[in-house]
Amino acid sequence: MNSETGRQIKSENREVTRAAGVVGMATLLSRIFGYIRDMVLASYFGAGMAADAFIAAFRIPNLLRRLFGEGSLSIAFVPVFTEAMASGDREDGLRLAVSALKLLLVCLSVIAVVGVVAAPTIIHLVAPGFSATPEKMALTITLTRIMFPYVILIGLVALCMGILNVMGHFAAPAIAPVLLNLAMIGSVVAVSRLSDSQTVRVMGLAGGVLLGGVLQLVLQVPFLVKHSVRFWKPSGLWHPTMKKVGILMLPTIFGAAVYQINILVGTLLASLLPEGSVSYLYYADRLVQFPLGIFAQAAATAVLPSLSRQAADGDHNGMGDTFGHAMSLVLFITIPAMVGLVVLREPIVALLFRHGAFDAQTTRLTSDALLYYALGLWAFSAVRIVVSTFYAMQDTRTPVKCATISIAANILFGLALMGPMKHCGLALATSLASMVNLVLLVVVLRNKLGVIRWRLIFSSCLKTLVASGIMALGVMMTCRLLIPPEAGSGRLRLLTGIGAGVIGGSLIFFAASWMMKIPEWQKVRGLMKRGMKRS
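Under the numbering used here, think of the first position of the sequence shown as 167, with each following residue one higher.
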């Protein structure tokens with residue numbers, strides 16, 4: 167590797183780390199408001215019929231967002247759009263962006279109309295267990311019809327994210343979910359002042375989802391205009407390059423959204439279990455989404471444009487180094503996050519959700535589900551980086567093949583475990599299926615891109631596991647002192663204990679990382695120093 171190539175790789179790695187930091191911080195703010203939202207929902211709805219109905223109904227447009235927004239068109243679009251912009255004809259690249267937005271609007275509008283009309287059939291397929299309670303089934307169908315148009319709005323937001331990311335802008339798309347959370351919180355609080363009916367309240371919440379989608383889309387417009395995307399100018403729905411996007415898009419419908427599909431499978435099977443099972447899994451999944459969104463999704467979002475540029479230049483050495491950098495960085499963060507969630511799961515659930523209709527029994531059952539979801543956090547995170555690498559190379563077949571096997575494994579694991587373990591078995595099945603997906607993807611990538619320095623990744627991962635184990639001992643001792651079993655539900659004691667555990671655990675982990683000279687600690691520390699200097 168010559169010095170010029172080395173400098174380019176280091177520059178790409180710095181750009182990935184910087185972009186991941188921007189997306190991560192914006193996502194952190196979004197997740198904080200997301201937890202405030204979930205605290206409000208848990209307080210008003212607990213884990214009863216209205217909560218189960220809303221969660222099941224919201225899963226559908228959320229899955230379609232992953233499939234037709236982030237999961238297919240957005241990810242398939244980024245490498246092609248990057249290639250078009252890098253070719254030198256910027257105006258043609260911008261026309262491609264406008265055509266993609268218009269075509270997506272038409273396609274998603276058709277999907278939304280079909281979804282509203284076919285809502286009864288869809289709910290009977292997605293939550294067959296609700297049929298035993300006609301009132302619950304009817305409410306879920308109504309909520310589905312209210313929220314289905316959300317897929318139009320959020321699909322456009324996802325494509326805007328891809329366009330802006332290629333142009334080097336990451337903050338606005340990442341912070342947009344804050345508006346959704348604010349709209350949902352405001353809607354349920356406002357409607358609750360007018361009515362005590364759970365049905366009326368949950369319909370107001372569904373309306374808040376639509377309002378949040380509108381606000382997220384509106385936020386993107388000024389930044390698109392700033393980057394010369396003139397979507398109001400006359401242009402056709404079809405751009406010649408869209409054929410390439412379409413070819414890449416079709417397989418990615420399942421490949422990029424395997425985690426969400428597995429969660430949906432869990433919802434389907436949970437509808438056959440006792441009431442509340444759907445809600446336990448939802449709240450536990452929301453807690454896993456915190457580190458998954460801040461670190462894994464941020465890194466995957468940041469690394470895709472860099473990998474796409476290197477793939478367009480045929481720089482496989484650079485791709486291998488960038489992949490190794492992103493993978494090591496993600497595992498360095500998510501492994502201790504996984505350990506922290508396992509150790510602190512019950513106090514965290516109690517602090518965030520135990521209020522009003524969310525009682526001690528619901529807290530325990532939700533924290534049980536969180537344990538089994540958390541065990542798969544490292545795999546959920548790593549899959550996102552590996553899949554981004556395949557998409558940067560415009561290889562969509564491999565992820566979809568591996569995803570298909572993973573979904574089948576999730577169904578088999580779920581059916582086998584839901585009997586003895588109830589909803590916890592479904593959470594564990596999702597984690598195991600993600601591990602299967604990761605192993606399959608890594609085996610193929612190792613043969614396809616042999617320049618990756620796997621030994622360095624494994625060495626860093628092993629050291630991170632040791633540091634996380636040391637951290638776990640410190641956190642458990644702290645919790646035993648500050649959150650004894652007889653402490654009850656005192657929020658101040660929970661907050662103090664969790665805060666001390668998180669801060670103390672972080673210090674222990676970083677100290678152990680420094681002593682073991684884990685390379686990723688140096689990179690994170692450098693990013694923090696640069697951020698402090700800019701501040």
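We put the beta carbon where it would ideally sit given N, CA and C, even for glycine.
- For the segment 540-575, not one full-length beta strand (DSSP E) segment reaches 3 residues or more.
- Out of L330, L269, K614, the CA that lies nearest to the CA of P471 is found in L330.
- Within the same chain, and ignoring the five residues on either side of M485 in sequence, the residues whose Cβ sits closer than 8 angstroms to its Cβ are L473, Q476, A477, T555, A558, M559, L615, V617.
- With respect to L377, A349 sits close: the two C-beta atoms are nearer than 7 angstroms.
- Our two residues, F243 and A523, have alpha carbons roughly 44 angstroms apart in a direct line.
- In summary, G212 is buried, with 16 or more beta-carbon neighbours lying within 10 Å of its beta-carbon over all protein chains present.
- F336: not part of any alpha helix (DSSP H); DSSP gives it neither H nor E.
- Assignment of F211 by DSSP, reduced to helix, strand and coil, places it in the helix class.
- Short of 7 angstroms from the beta carbon of S265, and not among the five residues preceding or following it, lie these beta carbons of its own chain, in chain order: S401, G402, L403, W404, H405, M408.
- The count of Cβ pairs closer than 8 angstroms, one atom from the segment 339-348 and one from the segment 384-392, reaches three, so the stretches are in contact.
- A check of alpha carbon separations from L269 across V609, R659, L325 identifies L325 as the nearest.
- Cβ contact annotation for V641 (same chain, cutoff 6 angstroms, sequence separation greater than five): V509, G667, G671, in chain order.
- Just so you know, the alpha carbons of Q364 and I674 end up roughly 45 angstroms apart.
- In chain order, F675, A678, S679 place their CB closer than 6 angstroms to the CB of A633, counting only its own chain and leaving out the 5 sequence neighbours on each side.
- Inclusion of Y538 and I221 in the CB contact set at 7 angstroms is not warranted, their separation being larger than that value.
- Looking from the CA of M493, the closest CA among A450, S253, S625, M191 belongs to S625.
- Considering only A595, A219, L194, the residue with the shortest C-alpha distance to H290 is A219.
- Residue state for P286 is assigned as helix, using DSSP reduced to three classes.
- Between the C-alpha atoms of L274 and L262 there is a straight-line separation of about 18 angstroms.
- About 6 angstroms separates the CB atoms of L518 and M205; that is less than 8 angstroms, so the two are in contact.
- Here T306 has A219, A222, A223, I289, A293, F296 as same chain residues with Cβ atoms under 7 angstroms from its own Cβ, once five neighbours each way along the sequence are excluded.
- Counting the other Cβ atoms within 10 Å of the Cβ of K629 gives 16 or more, which makes it buried.
- Where F498 is concerned, the enclosing alpha helix (DSSP H) starts and stops at 482-519.
- For E301, the enclosing alpha helix (DSSP H) stretches over residues 300-313.
- Taking all protein chains shown into account, T662 has fewer than 16 neighbouring C-beta atoms within 10 Å of its C-beta and is therefore exposed.
- L639 sits exposed, since fewer than 16 C-beta atoms from the chains shown fall within 10 Å of its C-beta.
- By the neighbour-count definition (other C-beta atoms within 10 Å, threshold 16), M584 is a buried residue.
- Shown here, K399 sits in coil according to DSSP, grouped into three states, outside any helix or strand.
- In the three-state DSSP reduction, I623 falls in the helix class (H, G or I).
- Taken through DSSP and simplified to helix, strand or coil, A342 comes out as coil.
- Contact check for V246 and L414: beta-carbon distance about 7 angstroms, within the 8 angstroms limit, so the pair qualifies.
- With contacts defined as CB atoms closer than 7 angstroms, R619 and G490 qualify as a contacting pair.
- Contact check for V431 against N603 fails: the beta carbons are separated by 7 angstroms or more.
- Pairing A338 with T310 gives a Cβ-Cβ distance that is not under 7 angstroms.
- For D255, there is no enclosing alpha helix (DSSP H), since its DSSP letter is neither H nor E.
- Here DSSP, grouped into helix, strand and coil, assigns L615 to coil.
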